[in-house]
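Numbered as in numbering that gives the first Met the number 0, the sequence shown ends at 361 without a single skipped number.
Just so you know, even glycine gets a beta-carbon here, dropped at the ideal spot from N, CA and C.
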Amino acid sequence: MKENRIYNFNAGPATLPLSVLEEIKESFLNYNGSGMSITEISHRSVLFDTIINDAIARIKRLLHLDEKFHVLFLQGGASLQFCMIPMNFLHEGNSADYVNTGTWSTKAIKEARIQDKQIKVVASSEDRDFSYIPKNIRFSADAVYAHITSNNTIKGTQWASFPDTNGVPLIADMSSDMMSRPVEMDKFGLIYAGAQKNLGPAGVCLVIIRDDMLKMVPDTLPTMLKYTTFTSKNSMFNTPPCFAVYTVQLVMKWLEETIGGLEKMEQINRKKGQILYDTIDSSGFYTGTADKDSRSLMNVTFRLPSEELEKLFIHEALGNGFGGLKGHRSVGGCRASIYNATTIEAVEVFADFMKTFERKNG
Ligand SMILES: Cc1ncc(COP(=O)(O)O)c(C=O)c1O
Numbered sequence: 000m001k002e003n004r005i006y007n008f009n010a011g012p013a014t015l016p017l018s019v020l021e022e023i024k025e026s027f028l029n030y031n032g033s034g035m036s037i038t039e040i041s042h043r044s045v046l047f048d049t050i051i052n053d054a055i056a057r058i059k060r061l062l063h064l065d066e067k068f069h070v071l072f073l074q075g076g077a078s079l080q081f082c083m084i085p086m087n088f089l090h091e092g093n094s095a096d097y098v099n100t101g102t103w104s105t106k107a108i109k110e111a112r113i114q115d116k117q118i119k120v121v122a123s124s125e126d127r128d129f130s131y132i133p134k135n136i137r138f139s140a141d142a143v144y145a146h147i148t149s150n151n152t153i154k155g156t157q158w159a160s161f162p163d164t165n166g167v168p169l170i171a172d173m174s175s176d177m178m179s180r181p182v183e184m185d186k187f188g189l190i191y192a193g194a195q196k197n198l199g200p201a202g203v204c205l206v207i208i209r210d211d212m213l214k215m216v217p218d219t220l221p222t223m224l225k226y227t228t229f230t231s232k233n234s235m236f237n238t239p240p241c242f243a244v245y246t247v248q249l250v251m252k253w254l255e256e257t258i259g260g261l262e263k264m265e266q267i268n269r270k271k272g273q274i275l276y277d278t279i280d281s282s283g284f285y286t287g288t289a290d291k292d293s294r295s296l297m298n299v300t301f302r303l304p305s306e307e308l309e310k311l312f313i314h315e316a317l318g319n320g321f322g323g324l325k326g327h328r329s330v331g332g333c334r335a336s337i338y339n340a341t342t343i344e345a346v347e348v349f350a351d352f353m354k355t356f357e358r359k360n361g
């Protein structure tokens, strides 16, 4: 690996494309001949306007968004969206549907309930420890929106396709699989994603919102908590997280110009997932924790025969240059996060390591 970098399988913040990091390093002290770092320029400058507008244009092209959609960069992470969504769209007499597929959906549900909003949990996979994505869900015809978590970072499950809600706008937390595959945007009223997995560094949350959703936003909300504040000011009502937006711009450029778009990205992600799941399934040693038809192509979660072996595995993996493999603290086990910037080569050498470890300890 270049510059003593490890193979980074962290769940987020996570690995970024090396070419993006190199470009940042290259231009860090003097951005585009300005004599200033990107962290020093004004967000009211032409320089920054060009950055944010290019990032938005690239996101629109990558997702084939038409003029109905607004692309926003907000702060407060995906967690603030858990609260802003019911606050902006759910009013007296209205109700929304939620599907509970793990920790992050549970948190989204909690934030709606804290505000005394009326919501209905129409499906949940809690009965089997969130190891699958529920099927054949009956969404309410009169719901204002239906909320799902498209990829469950902790449990390693992912919606392979998006549910039919009979015209009710879908809202999805795509924090851990945004831009990993094409999305049929006509189903969605809003999607959001904390940047720190597939899009850039921590500090910015990408929100894509359909125009008609804005009609539901009440004027009475505090300024910083309503979507219309940001749609009317191109995400610059106040100082945006300039460095994070700049990095997102570079990652989007990499997706478009180096990878060649989301169809190509999906093919690469499928290949990486296949390498790891084949390694798990062909061993009598590793066990995948998610149902096969619900497996995530972003977070591969697995167990070893004992907790002692898991500790040894994580320890030896690090000694061999593979980092970030510990499962989330709430579930234990192992997790290899293989976001967009993880290369096929990194996954191949890690799969070889897994096989060697099994031969020695199985
Ligand atoms: C699916 C999902 N949603 C939400 C969050 C919370 O994001 P943030 O830390 O940006 O609030 C995470 C964090 O890992 C996540 O994986």
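- Listed as beta-bridge partners of A335 by DSSP are V299.
- Between G166 and K186, the alpha-carbon positions lie close to 7 Å from each other.
- In this structure the stretch 39 to 56 does not lie against the stretch 170 to 187, because fewer than three pairs of beta carbons, one per stretch, are closer than 8 Å.
- The C-beta of S281 has fewer than 16 other C-beta atoms within 10 Å across all chains shown, which makes the residue exposed.
- Inclusion of K119 and S139 in the CB contact set at 9 Å is warranted, their separation being smaller than that value.
- Rounded to whole angstroms, G32 and R4 show a C-alpha spacing of 29 Å.
- About 13 Å separates the beta carbon of V121 from that of I132, a gap too long to meet the 8 Å contact definition.
- Inter-segment contact for the stretch 14 to 33 and the stretch 209 to 226 is absent: fewer than three beta-carbon pairs are separated by less than 8 Å.
- The C-beta separation of S295 from T156 comes to about 6 Å, placing the pair in contact by the 8 Å criterion.
- In this structure L198 is buried. Its beta-carbon is surrounded by 16 or more other beta-carbon atoms within 10 angstroms.
- One Cα belongs to A111, the other to Q117, and the distance between them is close to 8 Å.
- In the displayed model, Y131 falls within coil according to three-state DSSP, outside both helix and strand.
- Sequence-distant partners of G322 (beyond 5 residues in either direction) whose C-beta falls short of 6 Å from its own C-beta, in its chain, are I5, N7.
- Looking at the DSSP output, Y226 bridges to nothing.
- In the structure shown, T238 falls within a coil segment according to DSSP collapsed to helix, strand and coil.
- With fewer than 16 other CB atoms across the displayed protein chains lying within 10 angstroms of its CB, E91 is exposed.
- Shown here, V98 sits in a strand according to DSSP, grouped into three states.
- For the beta strand (DSSP E) assignment, the uninterrupted runs of no fewer than 3 residues enclosed by the stretch 114 to 177 are, from N- to C-terminal side, 118 to 123, 145 to 148, 169 to 172.
- When the five nearest sequence neighbours on each side are left out, the beta carbons in the same chain lying within less than 6 Å of the beta carbon of A10 are those of T152, S336, in order along the chain.
- DSSP places I55 outside any beta strand (DSSP E); the residue lies instead in the alpha helix (DSSP H), whose first and last residues are 45 to 62.
- Secondary structure at L324: coil, using DSSP grouped into helix, strand and coil.
- P168 is not a Cβ neighbour of Y191, given a cutoff of 9 Å.
- Looking at K291, I208, N298, the one whose alpha-carbon comes closest to that of V70 is I208.
- In this structure, the alpha-carbon of M251 lies about 23 Å from that of L79.
- Rounded to whole angstroms, D163 and D96 show a C-alpha spacing of 13 Å.
- Taking the Cβ of L79 as the reference point, at least one heavy atom of ligand 1 falls within a distance shorter than 8 Å.
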